[in-house]
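Report on one structure; see the data block that follows.
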Amino acid sequence: MAQLSFRSWGNSAPAKEVTMPAFDPVLVSVETARAMLGGVGKTTIYAMLSAGDLESVKLGKRRLIRASSIHAIAGRAVAA
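Quick look at the structure:
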């Protein structure tokens, strides 16, 4: 698993490095989903949602797309 490193600086203390494990998000924004699918348009994303190709949830006013459904589409595209 990849590691992310962050350095914090305080006024009186020397820099302290904190290492956190990288993670794969479960839900991503529509904009991130567009980027993950090669820059497709918003209309394409919403068409895929309507067709049931992508799964999403609504949190407050935000529409978030399940990363697993994006990976499934990408896997089918590579296999084809």
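Just so we're aligned, residue 1 is where the sequence shown starts under the UniProt record's numbering, counting upward by one. Glycine included, each C-beta is placed from N, C-alpha and C at the ideal position.
According to DSSP, is residue i part of a helix, a strand, or is it coil?
i, result
"leucine 59", "strand"
"leucine 27", "strand"
"leucine 49", "helix"
"arginine 66", "strand"
What's the call for residue i, buried or exposed, on a 16-neighbour Cβ count within 10 Å?
i, result
"serine 56", "buried"
"alanine 33", "buried"
To the nearest whole angstrom, what separates the beta carbons of residue i and residue j, a pair I think is in contact under 8 angstroms?
i, j, result
"residue 102", "valine 30", "The requested residue 102 is not part of the displayed model; the chain covers only 1 to 80."
"serine 69", "leucine 54", "5 angstroms"
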